[in-house]
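Notes for the one structure printed next.
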DNA sequence: CGCCTGATTCGACAAACGTCGATGCGCTGA
DNA sequence: TCAGCGCATCGACGTTTGTCGAATCAGGCG
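Protein chains in written order, with my numbering: chain C, 739 to 855; chain R, 739 to 855.
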């Protein structure tokens, strides 16, 4: 990854939104956006993300989604990756930690892939 | 990846298109879709993909896009990955090999990320 | 045919990744 | 105050990945 202490991406700051078909991606943007796609590039992470995205109220606590076939530390590790990529945000409320998707970040990825426009 | 000889995905067969917000992804679909996102999860590959997607006429030969800062065999390696993920198709015409994006596959990814609907 | 150019395949290697069990931290409730 | 639960971090491990140079394959052209 050549990911030496990547700063956690700001949840509301998507670097680029123009469709890939409209113009060539800059080197810097390609690094940022690739990190996001990479975060969804693991089946376990994609399922975790899916569980949060489809959760009632738009949020889910770890205990609700950790049944994905790997150990609890591994779930925590993957959630951290998704957080660091800017795709999820987390908040502790009492005993539980709740995760939500960062809508604008995901929208930015979708916009990038919207090739016919 | 536990990727023992994944078959090249059929360019026109996207397994799932419903937004992630609507329902939880199945295990099988998560594997398939994660492979696609993973293919875009490298800066070099994302730039190559971007170059093809934004090329005039919707296609580009390797020689036109291989200036991404890595050696030519590495470019070929990355293009193969993108092909195996179903995101690009290639065709040899004479001396050159031309790459195109597989629009429906990319559209499927975009649909998955379209969370507000 | 034999050479040149474009592109893929091969073999090797360091770095990054996914996974686990053990451990640590934060909060709640007895 | 201390036990217990939820979640994160640590340390270690085998596997996968990205990269390269060298070799190979595929066409065009003299």
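Even glycine gets a Cβ: it sits at the ideal position worked out from N, Cα and C.
Cβ of residue i within 8 Å of any chain C Cβ
| i | result |
| --- | --- |
| residue 791(R) | yes |
| residue 794(R) | no |
| residue 805(R) | no |
| residue 743(R) | Since pLDDT at residue 743(R) reaches only 44, below the 50 mark, its modelled position is unreliable, and no value is offered. |
| residue 788(R) | yes |
| residue 848(R) | yes |
| residue 828(R) | no |
| residue 822(R) | no |
| residue 772(R) | yes |
| residue 760(R) | yes |
| residue 852(R) | yes |
Cβ distance (whole Å) where residue i is taken to contact residue j below 8 Å
| i | j | result |
| --- | --- | --- |
| residue 798(R) | residue 790(R) | 5 Å |
| residue 827(R) | residue 845(R) | Not confirmed; about 15 Å, so no contact. |
| residue 815(C) | residue 780(C) | That belief does not hold up - the Cβ atoms of residue 815(C) and residue 780(C) are roughly 11 Å apart, past 8 Å. |
| residue 813(C) | residue 806(C) | 7 Å |
Separation of residue j from residue i, as counted between CA atoms
| i | j | result |
| --- | --- | --- |
| residue 802(R) | residue 773(C) | 25 Å |
| residue 743(R) | residue 823(R) | Its pLDDT being 44, under 50, residue 743(R) is placed unreliably in this model, and the value from its coordinates should be taken loosely. Those two C-alpha atoms are separated by around 12 Å. |
| residue 796(R) | residue 762(C) | 13 Å |
| residue 852(R) | residue 775(R) | 15 Å |
| residue 830(C) | residue 785(C) | 21 Å |
| residue 811(C) | residue 782(C) | 13 Å |
| residue 818(C) | residue 834(R) | 43 Å |
| residue 855(R) | residue 758(R) | 10 Å |
| residue 809(C) | residue 820(R) | 31 Å |
| residue 850(R) | residue 794(R) | 27 Å |
| residue 837(R) | residue 756(C) | 21 Å |
| residue 745(R) | residue 825(R) | In this predicted model, residue 745(R) has a pLDDT of only 49, less than 50, meaning its place in the structure is not dependable; the value taken from the coordinates is given anyway. Distance between the alpha carbons of residue 745(R) and residue 825(R): 13 Å. |
| residue 770(C) | residue 764(R) | 28 Å |
| residue 787(R) | residue 787(C) | 24 Å |
| residue 848(C) | residue 847(R) | 8 Å |
| residue 792(R) | residue 804(R) | 14 Å |
Minimum Cβ-Cβ distance from residue i to chain R less than 8 Å
| i | result |
| --- | --- |
| residue 825(C) | no |
| residue 776(C) | yes |
| residue 780(C) | yes |
| residue 769(C) | yes |
| residue 811(C) | no |
| residue 785(C) | yes |
| residue 839(C) | yes |
Per DSSP, the bridge partner or partners of residue i
| i | result |
| --- | --- |
| residue 826(R) | 839(R) |
| residue 799(C) | 836(C) |
| residue 855(C) | Residue 855(C) pairs with nothing; no bridge assigned. |
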